[in-house]
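Protein chains in written order, with our numbering: chain A, 1 to 378; chain B, 1001 to 1378.
Read the structure below first, then the notes.
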């Protein structure tokens, strides 16, 4: 009797709730609604099946992904394990190293500082950092550093630096000055501005320019110009080789033994080109900013999308696949893809806890295909 | 039936209402209600945010802290990170850890209790009690000189014990004779009583003194005179490499390798730093450390008779405790463990911090972050 009564009350409540939802839905709905939905049950099923498929086809311990269509809903996917020792499942709340996705933060900061009149994209690196004997310093512009056409060599290929990094189990710390040391007095690979060559050196230098013109540490400028305005409370520039919890472990076969645990390989040598730690909750906000660019002026938005060389679909620190824009990140043990489409309002974020053979990129192509993107031309 | 249910609900509501009214009445009438001036909701939020931030800056996988203000409730516990980097088990406030040199504060108090009991005479030199050890300048070094770090003896912990410990994967067991013979083979650092220099050797001698005058192992005396009267049930003198359960793992970055040093044998610490404890016992102890309830008025003033320490005029050293501004404190530092027990004698603030690594003394930045919010150092 008592039970019956409470269920009665409950059902009444539910009816009210439904009525309320129906009303509010009606209020905001457009006439083209449910039939044209992208993220419908069928798509979701296909995405889930694709996640199973990539797990089978690429060797990866675990995968997490976030797929959303604005106004339709969001989908979180997780597969596999975040810890091979304990078999703890992969968790969508985990923190991880975003690697080169950091470049999108550095380049956005440069564009914000350009909007503030503190950086002129057309001025040369020699103008901002005259104290370094960089090759081509009087012809390489800030713009060329952003769109990867500087012609500078890759510092991470330097045998001494990479030995220092790997031999210390990733615990070695580097200043930006130490990182660009192998580039000083080196030879340019090509005349600046004539070719595309993706290279971490460029973004390290942009970090040094940010520090030079603001007088602040790059991480503090990130906080002030990006993290706080966008409410990114889970994105950090780590000073150590540890991650905030919860986090998953990262694995590699690169070092010899299979599935070596490289979680605590800190990414000090990534610096402004790849040091940040974040999670899906923050990256979904950031992915949207990459296509919507709310922090940028109209002219800075144009800069962001302007490619430097027809050899690559790469703007100012941004990969451009039509309207789907974003950046990939890969560092030993960590592989991420962070993209959004400002026209179709679609976001795709993928993270995998190993990086050999670009597993996140593989999953990205699969997911994008289901969502109607043909990336075969890229 | 229905009515009865309704009636009982109504009566419940009335009871709630009465309770609520009585609480709110109490709130604005009674002057004895705790007045939260420092540790309010705003401060607590700031402390939590500071903990997040500082975890990214310190070299430690995990951290726990206890913060309280006398008369403002029970205080708060903060945990961050993990207690085990293999399993990602989160840090837990029930975990015990090695408190290192905080041991000295307890041993110091035990000596003073034995003085109160007439078993030790503070005016006698250490050689009076331990003539067989042939302590350098032993006839000039008084008991207070040992306790307040002005003995001039050589610190055995400066010796190469750490290397031989790590060479044995932490399993080497040191005898008191080995430690003391090493220390006594050096010249006196300075004339006894003329200068402050932190020295672990002093506390090995105080431990031996306790055993000499009581005929019991130091831990039995600590149990009888301090732990039992105060109700500290979680503080132990380990005779093996292991810690009581539950515990956090300790990590140590040694020559480029991240080592789990949890089970490194603590025998080298002896009365200068061997104890394990947990946050609940440290909470009890921090109170006794500044209040000295187990001591006579005379011994209390002995505990807090200060000599200049590292920064003359600013920091000072007492009988097993240290002082900086309004803070009476002691730190504990050993591979894998950094502990801070700080009590502000003016604001009645207690801060206890423990980090799961001592690399770069991570407890320091955590303490400063909390102090800046609660009571900035002038």
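Cβ coordinates follow ideal geometry from the N, Cα and C atoms, glycine included.
Note that this is a predicted model, so its numbers are computed, not measured.
I'd like the span of the alpha helix (DSSP H) that includes residue i, first residue to last.
i	result
residue 315 of chain A	Where residue 315 of chain A is concerned, there is no enclosing alpha helix (DSSP H), given that its DSSP letter is neither H nor E.
residue 46 of chain A	41-57
residue 271 of chain A	271-274
residue 166 of chain A	159-167
residue 93 of chain A	No alpha helix (DSSP H) contains residue 93 of chain A, which DSSP labels as neither H nor E.
residue 1182 of chain B	1176-1184
residue 1200 of chain B	1200-1214
residue 1160 of chain B	It is not in any alpha helix (DSSP H) - residue 1160 of chain B carries neither H nor E in the DSSP assignment.
residue 221 of chain A	218-222
Got a sec? Which residues, its chain only, sit under 6 Å from residue i by beta carbon, not counting five neighbours each side?
i	result
residue 990 of chain B	Any question about residue 990 of chain B goes unanswered here, given that chain B covers just 1001 to 1378.
residue 1219 of chain B	1237
residue 174 of chain A	268 and 269
residue 1309 of chain B	1196, 1315, 1316 and 1317
residue 190 of chain A	151
residue 78 of chain A	64, 90 and 92
residue 283 of chain A	338 and 349
Could you name the residues of chain B that residue i contacts, counting a contact when the two beta carbons are closer than 7 Å?
i	result
residue 259 of chain A	Result: empty, since nearest Cβ-Cβ is about 14 Å, beyond 7 Å.
residue 96 of chain A	Simply none; closest approach about 13 Å.
residue 139 of chain A	What residue 139 of chain A touches in chain B: nothing, since even the nearest Cβ is about 38 Å away.
Just the C-alpha distance for residue i and residue j, rounded to the nearest angstrom, thanks.
i	j	result
residue 162 of chain A	residue 170 of chain A	10 Å
residue 1123 of chain B	residue 1142 of chain B	7 Å
residue 1371 of chain B	residue 1191 of chain B	37 Å
residue 1297 of chain B	residue 1285 of chain B	18 Å
residue 366 of chain A	residue 335 of chain A	16 Å
residue 107 of chain A	residue 316 of chain A	7 Å
residue 155 of chain A	residue 1152 of chain B	51 Å
residue 143 of chain A	residue 118 of chain A	14 Å
residue 1260 of chain B	residue 1277 of chain B	19 Å
residue 76 of chain A	residue 1085 of chain B	26 Å
residue 1110 of chain B	residue 1221 of chain B	7 Å
residue 178 of chain A	residue 1346 of chain B	47 Å
residue 330 of chain A	residue 137 of chain A	28 Å
residue 1057 of chain B	residue 378 of chain A	40 Å
residue 218 of chain A	residue 225 of chain A	10 Å
residue 194 of chain A	residue 121 of chain A	17 Å
residue 299 of chain A	residue 220 of chain A	25 Å
residue 185 of chain A	residue 134 of chain A	6 Å
residue 1072 of chain B	residue 1045 of chain B	16 Å
residue 340 of chain A	residue 325 of chain A	6 Å
residue 294 of chain A	residue 176 of chain A	29 Å
residue 1301 of chain B	residue 214 of chain A	53 Å
residue 1117 of chain B	residue 1255 of chain B	48 Å
residue 44 of chain A	residue 69 of chain A	11 Å
For residue i, go through chain A and note every residue whose CB falls closer than 9 Å to its CB, in chain order.
i	result
residue 1355 of chain B	In chain order: nothing, as chain A lies at least about 11 Å away.
residue 1090 of chain B	245 and 246
Could you list which residues in chain B have their beta carbon closer than 8 Å to that of residue i, in chain order?
i	result
residue 85 of chain A	1086 and 1087
residue 264 of chain A	1085 and 1258
Note the first and the last residue of the continuous beta strand (DSSP E) segment covering residue i.
i	result
residue 356 of chain A	First-last for residue 356 of chain A: undefined, no H or E at that position.
residue 1097 of chain B	1096-1098
residue 1332 of chain B	1327-1334
residue 1355 of chain B	1349-1355
residue 1253 of chain B	1251-1254
residue 326 of chain A	324-331
residue 1341 of chain B	1337-1344
List the residues of chain B whose Cβ lies closer than 9 Å to the Cβ of residue i, in chain order.
i	result
residue 167 of chain A	1256
Near residue i, which residues of its chain fall below 7 Å by C-beta distance, leaving aside the five closest residues on each side in sequence?
i	result
residue 82 of chain A	62, 88, 89, 90, 91, 94, 248, 249 and 353
residue 1093 of chain B	1064, 1077, 1079 and 1279
residue 1148 of chain B	1307, 1317, 1318 and 1319
residue 1207 of chain B	1107, 1218, 1270 and 1271
Taking 7 Å as the cut-off, is the CB of residue i close to at least one heavy atom of the ligand SAH?
i	result
residue 314 of chain A	Summarising the ligand content, the structure contains no ligands, and the ligand SAH is consequently not present.
Under 7 Å between beta-carbons, which chain A residues line up against residue i? List them in chain order, please.
i	result
residue 1178 of chain B	Correct list: empty, because the minimum Cβ distance to chain A is about 32 Å.
residue 1055 of chain B	244
residue 1274 of chain B	None at all; the shortest Cβ gap to chain A is about 27 Å.
residue 1058 of chain B	240
Cβ closer than 8 Å: which chain A residues qualify as neighbours of residue i?
i	result
residue 1061 of chain B	242
residue 1368 of chain B	Under the 8 Å cutoff, chain A gives no residues; its nearest Cβ is about 14 Å from residue 1368 of chain B.
Checklist entry - Touching or not, the region 299-308 of chain A and the region 359-375 of chain A, by the rule of three or more beta carbon pairs under 8 Å? => result no
Next on the checklist: Under 8 Å, with one C-beta from each stretch per pair, do the region 194-202 of chain A and the region 133-151 of chain A reach the 3-pair mark?
Outcome noted: yes
Next on the checklist: With three or more C-beta pairs closer than 8 Å as the rule, is the region 317-325 of chain A touching the region 287-306 of chain A?
Outcome noted: yes
Next on the checklist: Taking 8 Å as the cut-off, does the region 1044-1052 of chain B touch the region 1324-1342 of chain B (at least 3 CB pairs, one atom from each stretch)?
Outcome noted: no
Checklist entry - Would you call the region 1165-1175 of chain B and the region 1223-1234 of chain B touching, i.e. three or more CB-CB distances under 8 Å? => result no
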